[in-house]
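Trainee:
Number of protein chains: 6
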Amino acid sequence: MFIQKYFEEFQLNDVRQTKGRTITETDIVIHAGQSGDFFPHHMDEEWCKSQPFKKRIAHGTLIFTVAIGLTADFVNEVSMTYGYERLRFIKPVFINDTIKVTVTIKDLKDHKKPEYGLVTELVECFNQHNELVMLCEHILMVKKGNS
Amino acid sequence: MFIQKYFEEFQLNDVRQTKGRTITETDIVIHAGQSGDFFPHHMDEEWCKSQPFKKRIAHGTLIFTVAIGLTADFVNEVSMTYGYERLRFIKPVFINDTIKVTVTIKDLKDHKKPEYGLVTELVECFNQHNELVMLCEHILMVKKGNS
Amino acid sequence: MFIQKYFEEFQLNDVRQTKGRTITETDIVIHAGQSGDFFPHHMDEEWCKSQPFKKRIAHGTLIFTVAIGLTADFVNEVSMTYGYERLRFIKPVFINDTIKVTVTIKDLKDHKKPEYGLVTELVECFNQHNELVMLCEHILMVKKGNS
Amino acid sequence: MFIQKYFEEFQLNDVRQTKGRTITETDIVIHAGQSGDFFPHHMDEEWCKSQPFKKRIAHGTLIFTVAIGLTADFVNEVSMTYGYERLRFIKPVFINDTIKVTVTIKDLKDHKKPEYGLVTELVECFNQHNELVMLCEHILMVKKGNS
Amino acid sequence: MFIQKYFEEFQLNDVRQTKGRTITETDIVIHAGQSGDFFPHHMDEEWCKSQPFKKRIAHGTLIFTVAIGLTADFVNEVSMTYGYERLRFIKPVFINDTIKVTVTIKDLKDHKKPEYGLVTELVECFNQHNELVMLCEHILMVKKGNS
Amino acid sequence: MFIQKYFEEFQLNDVRQTKGRTITETDIVIHAGQSGDFFPHHMDEEWCKSQPFKKRIAHGTLIFTVAIGLTADFVNEVSMTYGYERLRFIKPVFINDTIKVTVTIKDLKDHKKPEYGLVTELVECFNQHNELVMLCEHILMVKKGNS
Numbered sequence: 011m012f013i014q015k016y017f018e019e020f021q022l023n024d025v026r027q028t029k030g031r032t033i034t035e036t037d038i039v040i041h042a043g044q045s046g047d048f049f050p051h052h053m054d055e056e057w058c059k060s061q062p063f064k065k066r067i068a069h070g071t072l073i074f075t076v077a078i079g080l081t082a083d084f085v086n087e088v089s090m091t092y093g094y095e096r097l098r099f100i101k102p103v104f105i106n107d108t109i110k111v112t113v114t115i116k117d118l119k120d121h122k123k124p125e126y127g128l129v130t131e132l133v134e135c136f137n138q139h140n141e142l143v144m145l146c147e148h149i150l151m152v153k154k155g156n157s
Numbered sequence: 011m012f013i014q015k016y017f018e019e020f021q022l023n024d025v026r027q028t029k030g031r032t033i034t035e036t037d038i039v040i041h042a043g044q045s046g047d048f049f050p051h052h053m054d055e056e057w058c059k060s061q062p063f064k065k066r067i068a069h070g071t072l073i074f075t076v077a078i079g080l081t082a083d084f085v086n087e088v089s090m091t092y093g094y095e096r097l098r099f100i101k102p103v104f105i106n107d108t109i110k111v112t113v114t115i116k117d118l119k120d121h122k123k124p125e126y127g128l129v130t131e132l133v134e135c136f137n138q139h140n141e142l143v144m145l146c147e148h149i150l151m152v153k154k155g156n157s
Numbered sequence: 011m012f013i014q015k016y017f018e019e020f021q022l023n024d025v026r027q028t029k030g031r032t033i034t035e036t037d038i039v040i041h042a043g044q045s046g047d048f049f050p051h052h053m054d055e056e057w058c059k060s061q062p063f064k065k066r067i068a069h070g071t072l073i074f075t076v077a078i079g080l081t082a083d084f085v086n087e088v089s090m091t092y093g094y095e096r097l098r099f100i101k102p103v104f105i106n107d108t109i110k111v112t113v114t115i116k117d118l119k120d121h122k123k124p125e126y127g128l129v130t131e132l133v134e135c136f137n138q139h140n141e142l143v144m145l146c147e148h149i150l151m152v153k154k155g156n157s
Numbered sequence: 011m012f013i014q015k016y017f018e019e020f021q022l023n024d025v026r027q028t029k030g031r032t033i034t035e036t037d038i039v040i041h042a043g044q045s046g047d048f049f050p051h052h053m054d055e056e057w058c059k060s061q062p063f064k065k066r067i068a069h070g071t072l073i074f075t076v077a078i079g080l081t082a083d084f085v086n087e088v089s090m091t092y093g094y095e096r097l098r099f100i101k102p103v104f105i106n107d108t109i110k111v112t113v114t115i116k117d118l119k120d121h122k123k124p125e126y127g128l129v130t131e132l133v134e135c136f137n138q139h140n141e142l143v144m145l146c147e148h149i150l151m152v153k154k155g156n157s
Numbered sequence: 011m012f013i014q015k016y017f018e019e020f021q022l023n024d025v026r027q028t029k030g031r032t033i034t035e036t037d038i039v040i041h042a043g044q045s046g047d048f049f050p051h052h053m054d055e056e057w058c059k060s061q062p063f064k065k066r067i068a069h070g071t072l073i074f075t076v077a078i079g080l081t082a083d084f085v086n087e088v089s090m091t092y093g094y095e096r097l098r099f100i101k102p103v104f105i106n107d108t109i110k111v112t113v114t115i116k117d118l119k120d121h122k123k124p125e126y127g128l129v130t131e132l133v134e135c136f137n138q139h140n141e142l143v144m145l146c147e148h149i150l151m152v153k154k155g156n157s
Numbered sequence: 011m012f013i014q015k016y017f018e019e020f021q022l023n024d025v026r027q028t029k030g031r032t033i034t035e036t037d038i039v040i041h042a043g044q045s046g047d048f049f050p051h052h053m054d055e056e057w058c059k060s061q062p063f064k065k066r067i068a069h070g071t072l073i074f075t076v077a078i079g080l081t082a083d084f085v086n087e088v089s090m091t092y093g094y095e096r097l098r099f100i101k102p103v104f105i106n107d108t109i110k111v112t113v114t115i116k117d118l119k120d121h122k123k124p125e126y127g128l129v130t131e132l133v134e135c136f137n138q139h140n141e142l143v144m145l146c147e148h149i150l151m152v153k154k155g156n157s
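Chains as they are written, first to last, in my numbering: chain F, 11 to 157; chain Z, 11 to 157; chain A, 11 to 157; chain B, 11 to 157; chain V, 11 to 157; chain L, 11 to 157.
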């Protein structure tokens with residue numbers, strides 16, 4: 011569970027893939043309840059029939075939450091989240107779609123504090139048709155091993 | 011509930027403020043259950059005692075979810091989310107902290123599709139001590155009224 | 011679980027008392043998520059400090075839901091809810107208050123359909139200080155045994 | 011979010027309509043968990059097949075909770091709930107039905123405290139076939155503006 | 011609700027049957043969130059299609075939880091759970107299956123503390139096709155009435 | 011996530027330890043809602059004050075669910091649960107206790123199907139005072155590697 015993976019151990023272009031998860035109506039209802047966002051796009055099947063996408067769609071923040079959660083396997087004790095860039099929702103996710111995440115190391119650079127480096131992970135979330143539905147860059151601040 | 015606010019109606023530097031919301035232990039437990047992220051930072055009070063922050067902290071994705079949810083008041087029928095930039099978690103949010111969001115129009119520019127413009131909202135989330143805990147830029151793609 | 015208690019078997023002034031239940035912060039958060047009511051009275055501890063009641067209070071619909079739920083012990087196969095009258099929220103219910111319900115048969119009368127009678131139960135909900143916090147009249151439409 | 015709408019500003023026969031909301035299986039399961047009412051009408055699909063209504067139906071307290079929640083848009087700082095009258099469940103609500111609420115000002119009268127008036131809102135809840143499924147009268151105690 | 015049923019009042023081979031309950035997708039999603047078990051057997055519909063059972067199945071701990079919950083009707087003030095033996099998951103439970111429990115008194119014996127006896131209940135859980143899906147032995151430590 | 015660990019690879023007396031998890035009031039409320047068990051031991055703080063244990067305690071099925079969930083880290087594709095034996099609740103778990111699980115391989119034996127073996131894991135659940143609160147034996151049916 012707990013690991014110590016230092017900055018020098020991250021390899022550019024390394025790729026890992028997560029388990030999949032089916033996005034259910036339950037997830038959307040619980041997410042509305044947590045976020046307070048009861049917009050008809052997520053909660054009103056009748057209204058959605060009148061829209062281009064025809065049926066209820068998952069909240070963007072739900073897909074982001076589940077996608078990031080899928081990547082959270084090991085606790086790296088020498089790493090912390092610095093932030094996220096370029097979060098994009100490319101395609102809607104519908105009830106019963108199954109999503110899966112690919113994480114690719116896209117950039118490695120020094121941080122102004124010399125004992126840290128910045129790791130940029132490209133997080134790409136795909137549905138069961140292998141269509142990209144969401145992407146973002148997750149920037150991690152990771153300790154250097156020699157520090 | 012439903013409004014039509016076109017690109018031309020957004021004013022640079024306009025500010026609005028949301029209601030507040032107390033982040034409860036319940037929110038964290040439900041968010042762990044939704045995200046699948048049961049990291050000890052959020053779920054293990056004993057382990058947290060051994061860490062610099064001393065007690066359980068909210069998931070970043072929870073604060074992002076609630077903050078964006080707080081801003082979701084009216085359904086603007088001529089606007090959609092384009093994406094988010096520069097999401098940063100500045101300070102930890104603890105159980106029983108109360109957060110509130112300020113939204114400032116920071117940028118307005120044309121989109122390559124001439125009938126749309128891009129609106130950048132700066133989303134700043136503060137705790138009850140008026141400390142900034144999270145910020146991001148929310149980019150909206152908004153129809154132009156003359157299109 | 012399943013019983014058949016006919017109109018003639020209800021006795022005026024009969025009283026029964028339910029189990030108790032502590033109203034938790036979790037109940038309020040889940041109820042906000044179910045109802046979509048995130049009013050600061052229930053969700054914003056800081057705002058509540060500026061109000062006469064000083065702390066978060068349970069939604070009226072939560073207390074009604076739990077109180078009626080506490081009375082739901084046996085499934086009476088020959089009875090159905092006709093409606094409720096005079097629902098009143100007498101005192102606020104705070105987090106960690108424990109409520110308990112007393113049900114008294116207050117009225118028995120014929121229904122226009124001759125095979126049914128109307129039973130009026132007075133539902134009184136008390137907190138741990140034995141203060142009345144909510145009351146209503148629950149009207150049941152119950153089959154007559156000789157029908 | 012926060013408004014101050016005084017008694018004198020309410021107009022008899024004014025009507026407003028809420029957003030819609032689809033009642034999901036999730037809502038019923040969460041409501042059973044909140045109310046403690048696990049009656050087979052809501053929780054046992056097999057048993058329901060043997061009943062006149064043939065499938066699971068939503069709890070009355072769930073429909074009341076969601077309907078009242080749908081009406082909770084603005085926080086009127088000079089108004090509070092006095093109570094509810096004549097709550098009736100006219101037709102069953104099934105999983106995947108979408109409900110919507112119409113609120114009509116039906117009565118305006120003085121309260122014994124001279125600085126308050128009583129506003130009676132007729133709350134009517136319709137399904138996607140425009141059938142009335144629930145109604146009640148919501149009585150509000152509202153400050154007079156000249157007080 | 012509260013009863014006092016002493017050891018001597020339990021009869022070998024007595025049988026009681028509970029209400030039924032439909033196991034929903036919601037139950038599985040909430041159970042994943044409570045247990046932290048997001049194995050693809052329960053959460054990934056696409057992966058399940060590649061498995062012998064073809065669709066998502068309920069967690070064993072969910073079926074155990076619901077089955078034991080179905081048996082919890084009266085609070086016997088002179089009884090407590092000693093433990094469970096021989097818990098077996100005989101067949102998978104799928105979304106929308108309806109389960110029901112039969113409890114049979116299988117064994118009655120003395121406890122080393124002379125004022126208690128041990129009651130063994132055979133708990134059998136059946137689906138809507140009357141197939142046994144789970145069983146266990148629930149051992150209760152019950153006060154003797156003459157003690 | 012997915013591994014293939016065959017029967018021959020299990021070593022008698024091997025021990026692994028899980029992350030910890032704080033049992034919250036939220037967990038108990040959600041578990042009551044899932045199990046349908048609203049016994050006052052878990053839900054009525056006032057009643058609990060009159061009992062030997064003085065405060066609300068977690069459901070046995072909740073502790074079993076969380077403990078087993080904590081052990082579910084890797085999906086072993088060649089293993090399945092055969093059942094559980096000797097489940098015992100040794101001490102009550104209170105709100106805010108933190109539990110952690112130790113798993114020890116206690117027995118390895120052949121199964122009647124020659125291509126499988128039975129692995130018995132002793133599952134011991136401890137609180138933050140290192141007191142044993144629950145134990146059980148988890149029996150796994152695991153493929154042999156040479157089959």
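C-beta: ideal position from N, C-alpha, C; glycine also.
Using a Cβ cut-off of 7 Å (strictly closer), state whether V:P102 contacts chain F.
Mentor: Counting from one through the fifth sequence, the residue named residue 102 of chain V turns up at place 92. No, its Cβ sits nowhere closer than 7 Å to a Cβ of chain F.
Trainee: Which residues of chain F have a Cβ atom closer than 8 Å to the Cβ of B:G155, listed in chain order?
Mentor: Along the fourth sequence, one-based indexing puts residue 155 of chain B at 145. By Cβ distance, chain F contributes nothing, its closest Cβ being about 31 Å from B:G155, past 8 Å.
Trainee: Is the beta carbon of F:F20 closer than 7 Å to that of F:I115?
Mentor: Counted from its first residue, the first sequence places residue 115 of chain F at position 105. Counted from its first residue, the first sequence places residue 20 of chain F at position 10. Cβ atoms of F:I115 and F:F20: closer than 7 Å.
Trainee: Grouping DSSP H, G and I as helix and E and B as strand, with all else coil, what is F:S45?
Mentor: By 1-based counting over the first sequence, the position of residue 45 of chain F is 35. If DSSP states are grouped into helix, strand and coil, F:S45 belongs with the helices.
Trainee: Please state the DSSP three-state secondary structure of V:K119.
Mentor: As a first step, residue 119 of chain V is located in the fifth sequence; it is residue number 109 there, counting from the start. It is a strand residue.
Trainee: With DSSP as the reference, please indicate the residues paired to A:N86 in a beta bridge.
Mentor: As a position in the third sequence, residue 86 of chain A is number 76, starting the count at 1. Answer is A:I13.
Trainee: Considering Cα atoms alone, identify which of V:I40, V:T71 and V:R31 is closest to F:E35.
Mentor: Within the first sequence, the letter at position 25 stands for residue 35 of chain F. Ranking the options by Cα distance to F:E35, first place goes to V:I40.
Trainee: For my contact list, B:C146 and B:I73 are in at a C-beta cut-off of 8 Å; report their separation, rounded to the angstrom.
Mentor: Position 136 of the fourth sequence, counted from the first residue, corresponds to residue 146 of chain B. Position 63 of the fourth sequence, counted from the first residue, corresponds to residue 73 of chain B. At roughly 10 Å, the Cβ-Cβ gap does not stay under 8 Å, so B:C146 and B:I73 are not in contact.
Trainee: Looking at the C-beta of A:G127, does it have a partner C-beta in chain B at a distance below 7 Å?
Mentor: Counting from one through the third sequence, the residue named residue 127 of chain A turns up at place 117. No, no contact with chain B.
Trainee: Along chain Z, in chain order, which residues have C-beta atoms closer than 7 Å to that of A:F63?
Mentor: The residue you call residue 63 of chain A lines up with position 53 of the third sequence. In chain order: nothing, as chain Z lies at least about 15 Å away.
Trainee: With a threshold of 8 Å, are at least 3 pairs of Cβ atoms found where one atom belongs to the region 63-70 of chain F and the other to the region 46-55 of chain F?
Mentor: Judged by Cβ distances under 8 Å, the region 63-70 of chain F makes contact with the region 46-55 of chain F, as three or more pairs qualify.
Trainee: Please report the distance separating the alpha-carbon of A:N137 from that of A:G79.
Mentor: Along the third sequence, one-based indexing puts residue 137 of chain A at 127. Along the third sequence, one-based indexing puts residue 79 of chain A at 69. Each residue's Cα considered, the two are about 16 Å apart.
Trainee: So F:L72 is in the alpha helix (DSSP H); what residue range does that whole segment cover?
Mentor: The residue you call residue 72 of chain F lines up with position 62 of the first sequence. Segment G70 to T81, the alpha helix (DSSP H) holding F:L72.
Trainee: Flag this pair as yes or no: are the beta carbons of V:V113 and V:T81 separated by less than 7 Å?
Mentor: Along the fifth sequence, read from residue 1 onward, the residue named residue 113 of chain V stands at position 103. Along the fifth sequence, read from residue 1 onward, the residue named residue 81 of chain V stands at position 71. Yes.
Trainee: Apart from the five residues just before and just after Z:V143, which ones in its own chain have a Cβ nearer than 6 Å to its Cβ?
Mentor: Translated into positions along the second sequence, residue 143 of chain Z becomes position 133. The answer, listed in chain order, is I100, K101, V103, C135 and N137.
Trainee: Going by DSSP, name the residue or residues bridged to B:G93.
Mentor: In the fourth sequence, counting from the first residue as 1, residue 93 of chain B sits at position 83. B:G93 pairs with B:I149.
Trainee: What does DSSP give as the partner residue(s) for A:C135 in the beta ladder?
Mentor: In the third sequence, counting from the first residue as 1, residue 135 of chain A sits at position 125. According to DSSP, which records beta bridges pairwise, A:C135 is partnered with A:V111 and A:M144.
Trainee: Rounded to whole angstroms, how far is the Cβ of B:R96 from the Cβ of A:E95, which I believe are closer than 8 Å?
Mentor: On the fourth sequence, position 86 is the one that residue 96 of chain B refers to. On the third sequence, position 85 is the one that residue 95 of chain A refers to. So it is a contact: roughly 6 Å between Cβ atoms.
Trainee: Name the chain Z residues that come within less than 9 Å of L:Q138, Cβ to Cβ?
Mentor: Translated into the one-based positions of the sixth sequence, residue 138 of chain L becomes position 128. Within chain Z, the residues near L:Q138 are E55 and E56.
Trainee: For the alpha helix (DSSP H) containing L:K64, name the first residue and the last one.
Mentor: Within the sixth sequence, numbered from 1, the residue matching residue 64 of chain L stands at position 54. Segment: none, L:K64 is in no alpha helix (DSSP H) and carries neither H nor E.
Trainee: Looking at the C-beta of V:D24, does it have a partner C-beta in chain C at a distance below 7 Å?
Mentor: Protein chains in the displayed structure are F, Z, A, B, V and L, and chain C is not among them.
Trainee: Which residue comes first and which comes last in the beta strand (DSSP E) that contains B:Q27?
Mentor: For the purposes of this step, residue 27 of chain B is identified with residue 17 of the fourth sequence, where counting begins at 1. Start and end: V25 to T32.
Trainee: Apply the 10 Å Cβ neighbour rule to Z:D117 and answer buried if 16 or more other Cβ atoms are within range, or exposed otherwise.
Mentor: On the second sequence, residue 117 of chain Z is found 107 positions in, with the first residue counted as 1. So Z:D117 counts as exposed.
Trainee: Specify, as a first and last residue, the run of the alpha helix (DSSP H) that L:P50 falls within.
Mentor: By one-based count along the sixth sequence, residue 50 of chain L stands at place 40. P50 to M53 is the extent of the alpha helix (DSSP H) around L:P50.
Trainee: Please list the partners that B:V49 has in chain L, where partner means a Cβ-to-Cβ separation under 7 Å.
Mentor: Numbered from its first residue, the fourth sequence carries residue 49 of chain B at position 39. Note that residue 49 of chain B is Phe in the sequence shown, not Val. Correct list: empty, because the minimum Cβ distance to chain L is about 11 Å.
Trainee: Quick one: what's B:F99 bridged to in DSSP?
Mentor: Position 89 of the fourth sequence holds residue 99 of chain B. For B:F99, which the question treats as bridged, DSSP gives the partners B:M144.
Trainee: Using a beta-carbon distance below 7 Å, is V:M90 in contact with chain A?
Mentor: Within the fifth sequence, numbered from 1, the residue matching residue 90 of chain V stands at position 80. For V:M90, the answer is no, since every Cβ of chain A falls outside 7 Å of its Cβ.
Trainee: Would you kindly check if the distance between the Cβ of V:K29 and the Cβ of A:M11 is under 7 Å?
Mentor: Indexing the third sequence from 1 puts residue 11 of chain A at position 1. Indexing the fifth sequence from 1 puts residue 29 of chain V at position 19. Going by C-beta atoms, A:M11 is nearer than 7 Å to V:K29.
Trainee: Based on the DSSP secondary-structure assignment, which residues constitute the bridge partners of A:G127?
Mentor: As a working mapping, residue 127 of chain A is identified with position 117 in the third sequence. A:D120 and A:V152.
Trainee: So, does the CB of L:G79 fall closer than 7 Å to a CB anywhere in chain B?
Mentor: By one-based count along the sixth sequence, residue 79 of chain L stands at place 69. For L:G79, the answer is no, since every Cβ of chain B falls outside 7 Å of its Cβ.
Trainee: Does L:G46 come within less than 7 Å of chain B when only Cβ atoms are used?
Mentor: Mapped onto the sixth sequence, residue 46 of chain L falls at position 36. With 7 Å as the cut-off, L:G46 counts as an interface residue toward chain B.
Trainee: Taking its Cβ as the centre, do 16 or more other Cβ atoms sit within 10 Å of L:I13, making it buried, or is it exposed?
Mentor: What you label residue 13 of chain L is simply residue 3 of the sixth sequence in a count that begins at 1. L:I13 should be labelled exposed.
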